[in-house]
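J.: Got a structure for you, written out below as structure tokens; questions coming shortly.
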Amino acid sequence: MKTLRVLIVDDEPLARRRNSTMLRHIQGVEIAGEATDGDEAIRMIRELVPDVLLLDIEMPGMSGFECLTQLDPQTLPIVLFVTAFDHYAVKAFDVSAVDYLLKPVSFDRMHSAIARARNALATRDADSRMAEVTNVIAALRPEPEQQPAAPRYETEFWVPRRGEFVRVPASQIEWVEAERDYVRLHTRTTSLLLRETMASMEARLDPMQFLRVHRSAIVRQSLIGAIRQGGYGTIKLGLTTGVEVPIGRTYTASVRQLLSRRDLAA
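Residues 1 to 266 in full-length UniProt numbering are what the sequence shown spells out, letter by letter.
As structure tokens, this is what we get:
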């Protein structure tokens with residue numbers, strides 16, 4: 001288990017001491033330092049490069065939010081906000097905080113926040129390694145004049161999973177499902193999460209093989225087996241694999257167009 005280096009930022013001595021005590025009782029956590037205000041936090045973040053920032057919001061001189069604006073987003077630690085006020089929650093998640101803890105923080109709550117920070121850091125590291133692998137793969141490919149014209153759409157995807165990268169051929173993808181900032185690629189044998197938007201995924205898949213039927217779903221056309229009426233006026237696609245996928249209202253026309261082409265072909 002990688003040791004997480006945490007920087008505590010709080011103007012209240014009692015809060016710093018309490019948080020420090022709890023963190024020392026969590027396995028795999030090291031306290032990188034303690035800062036009492038935003039200016040000191042900025043200096044220590046640049047010097048110590050911590051993995052996680054346990055950041056108070058309301059501090060004299062500079063708030064926690066203002067502190068973050070002074071830092072490079074590319075090297076920003078994982079942020080856990082700690083505050084006595086709950087009305088900052090929406091703004092906290094707008095600046096990509098991983099968690100939002102209300103004072104006084106219990107040990108169990110701190111433990112779960114650190115676990116979320118660890119997962120977020122692992123995902124960030126995996127994305128970075130994925131970029132490196134992509135560059136290596138691109139470098140290994142022959143020069144354009146030595147290879148046939150590249151296909152317009154992706155034929156494979158490399159997905160990070162537990163410290164490795166798994167190759168998923170596009171030909172094996174049965175359908176794609178949105179999950180917040182990720183998409184889940186469903187194949188016959190497994191499903192894997194990839195950090196990608198649905199719009200980007202739709203652009204990378206061959207539209208002759210795949211069809212977007214909902215803002216959260218893309219399906220392989222050849223697997224469409226039935227259309228069923230759902231409750232409350234909804235419509236669902238039944239795939240031959242047994243999966244049911246809802247059809248969004250804005251995608252109904254494209255589904256009908258596909259089915260009409262099939263009828264003409266028949």
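Ideal Cβ placement from N, Cα and C applies to all residues, glycine included.
Whose CA, out of VAL52, ARG220, GLU154 and THR36, lies closest to the CA of VAL79?
T.: Along the sequence shown, one-based indexing puts residue 79 at 79. For the residues VAL52, ARG220, GLU154 and THR36, the minimum Cα distance to VAL79 belongs to VAL52.
J.: Quick one: using the 10 Å Cβ neighbour count with 16 as the cut-off for buried, is PRO73 buried or exposed?
T.: Taking the first residue of the sequence shown as position 1, residue 73 is located at position 73. The residue is exposed, with fewer than 16 neighbouring Cβ atoms inside 10 Å.
J.: Using a threshold of 8 Å, state whether the C-beta atoms of GLY64 and LEU76 are closer than that.
T.: Residue 64 sits at position 64 when you count from the first residue of the sequence shown. Residue 76 sits at position 76 when you count from the first residue of the sequence shown. Taking 8 Å as the Cβ cut-off, GLY64 and LEU76 do not qualify as a contacting pair.
J.: Taking the C-alpha atoms as reference points, what is the distance between ARG18 and ALA122?
T.: Stepping through the sequence shown from its first residue, residue 18 is reached at position 18. Stepping through the sequence shown from its first residue, residue 122 is reached at position 122. In a straight line, the C-alpha of ARG18 is about 27 Å away from that of ALA122.
J.: Ordered along the chain, which non-local residues of its own chain (more than five positions away) have a Cβ less than 6 Å from that of ILE137?
T.: In the sequence shown, residue 137 corresponds to position 137, counting from 1. Bear in mind that a pLDDT of 49 at ILE137, under 50, signals an unreliable position, so the number given afterwards is only what the model happens to contain. So no residue of the chain qualifies.
J.: In chain order, what are the residue ranges of uninterrupted alpha helix (DSSP H) at least 4 long that sit wholly in the UniProt domain "HTH LytTR-type" (157–261)?
T.: 198–204
J.: Where does the unbroken beta strand (DSSP E) through THR83 begin, and where does it stop?
T.: For the purposes of this step, residue 83 is taken as residue 83 along the sequence shown, with counting starting at 1. Element bounds for THR83: 78–83.
J.: Hey, would you say SER222 sits closer than 8 Å to MET198, going by beta carbons?
T.: The residue given as residue 222 occupies position 222 in the sequence shown. The residue given as residue 198 occupies position 198 in the sequence shown. Cβ distance not < 8 Å, so SER222 and MET198 don't count as in contact.
J.: Looking at MET22: is its Cβ nearer than 8 Å to the Cβ of GLY33?
T.: In the sequence shown, the residue the question calls residue 22 occupies position 22. In the sequence shown, the residue the question calls residue 33 occupies position 33. Going by C-beta atoms, MET22 is not nearer than 8 Å to GLY33.
J.: Grab me the residues of THR250's own chain with a C-beta within less than 8 Å of its C-beta, minus the 5 sequence neighbours each way, in chain order.
T.: As a first step, residue 250 is located in the sequence shown; it is residue number 250 there, counting from the start. Only ARG215 meet the Cβ criterion.
J.: Please say whether VAL168 and LEU185 have beta carbons closer to each other than 8 Å?
T.: In the sequence shown, counting from the first residue as 1, residue 185 sits at position 185. In the sequence shown, counting from the first residue as 1, residue 168 sits at position 168. Cβ distance < 8 Å, so LEU185 and VAL168 count as in contact.
J.: Between the alpha carbons of ARG256 and GLN172, how many angstroms are there, rounded?
T.: What you label residue 256 is simply residue 256 of the sequence shown in a count that begins at 1. What you label residue 172 is simply residue 172 of the sequence shown in a count that begins at 1. Taking the straight line joining both Cα atoms gives about 25 Å.
J.: Pick out whichever of GLY233, GLU179, GLU196 and ARG188 has its Cα sitting closest to the Cα of TRP158.
T.: Numbered from 1 along the sequence shown, position 158 holds the residue referred to as residue 158. Of GLY233, GLU179, GLU196 and ARG188, the residue nearest in Cα terms is GLU196.
J.: Under the three-state reduction of DSSP, which class applies to ARG152: helix, strand or coil?
T.: Here residue 152 refers to the residue found at position 152 of the sequence shown. It is coil, neither helix nor strand.
J.: Kindly provide the ranges of any beta strand (DSSP E) runs that are 3 or more residues long and lie completely inside the segment 5–79, ordered along the chain.
T.: 29–35 and 52–56
J.: How many angstroms separate the CA atom of ARG162 from the CA atom of ASN119?
T.: Sequence index remark: in the sequence shown, residue 162 carries index 162 (1-based). Sequence index remark: in the sequence shown, residue 119 carries index 119 (1-based). Take the alpha-carbon of ARG162 and the one of ASN119: they are about 11 Å apart.
J.: Alpha carbon to alpha carbon, how far is PRO164 from LEU14?
T.: For the purposes of this step, residue 164 is identified with residue 164 of the sequence shown, where counting begins at 1. For the purposes of this step, residue 14 is identified with residue 14 of the sequence shown, where counting begins at 1. Here residue 164 is Glu; the residue named in the question, Pro, does not match the sequence. Distance between the alpha carbons of GLU164 and LEU14 is about 43 Å.
J.: At what residues does the beta strand (DSSP E) containing ASP99 begin and finish?
T.: Within the sequence shown, numbered from 1, the residue matching residue 99 stands at position 99. ASP99 -> beta strand (DSSP E) spans 99–102.
J.: What does the alpha-carbon distance come out to for the pair GLU174 and ARG124?
T.: Mapped onto the sequence shown, residue 174 falls at position 174. Mapped onto the sequence shown, residue 124 falls at position 124. Rounded to the nearest angstrom, the two C-alpha atoms are 27 Å apart.
J.: Please determine, among VAL9, VAL219 and ASP86, the residue with the shortest C-alpha to C-alpha distance to ALA178.
T.: The residue given as residue 178 occupies position 178 in the sequence shown. The option with the nearest alpha carbon to ALA178 is VAL219.
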